[in-house]
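Colleague: Take this structure, written in structure tokens, and hold onto it; I'll ask about it next.
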Amino acid sequence: MHRIMICALAAGALTACDAAGPVSVGAERYEVTGVEEGDMLKLRAGPGTGYTIQAGLPNGTVVRVRDCSRIGGTRWCKVALDRSPGMVGYVSQTYIQKL
């Protein structure tokens with residue numbers, strides 16, 4: 063089992079639940095890959111590097127992709143953790159691969 067590092071960066075509770083509800087049926091499963099040794103893929107609150115980091119995801123973490131869109135030069139995907147579907151955020155598509 064991979065350890066998921068949760069970082070609370072602001073005072074108060076970390077909002078991990080998505081107001082839109084559970085992952086939609088048919089959401090594709092992807093695996094985090096290509097992250098350098100000793101580093102983690104940042105799960106962000108929004109589609110861009112200016113958004114708060116919600117968690118660090120190591121290689122091998124399985125996520126379910128809800129949708130993806132291009133913001134600037136990067137394609138960002140809204141994902142939910144496979145083992146914790148209430149944890150929703152955005153990752154760069156560069157670091158996920160379809161299972």
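The sequence shown maps to residues 63 to 161 in the working numbering.
For each residue, glycine too, the CB sits at the ideal point set by N, CA and C.
None of these values were measured; they are calculated from a predicted model.
Could you check which residue in 144, 147 and 158 has the C-alpha nearest to that of residue 138?
Modeller: Of all alpha-carbon atoms in 144, 147 and 158, the one lying nearest the alpha-carbon of residue 138 is that of 158.
Colleague: In whole angstroms, what separates the C-alpha of residue 101 from that of residue 119?
Modeller: 9 Å
Colleague: Would you identify the three-state DSSP class for residue 152, choosing helix, strand or coil?
Modeller: strand
Colleague: The beta strand (DSSP E) that contains residue 113, what's its start and end?
Modeller: For residue 113, there is no enclosing beta strand (DSSP E), as DSSP marks it with neither H nor E.
Colleague: Along the beta strand (DSSP E) that carries residue 131, what are the first and last residues, could you check?
Modeller: Counting along the chain, the beta strand (DSSP E) containing residue 131 begins and ends at 124-133.
Colleague: Which residues in the same chain as residue 155 place their Cβ atom closer than 6 Å to its Cβ, once the five residues preceding and following it in sequence are excluded?
Modeller: 130, 137 and 139
Colleague: Can you name the start and end residues of the beta strand (DSSP E) that residue 136 belongs to?
Modeller: 136-143
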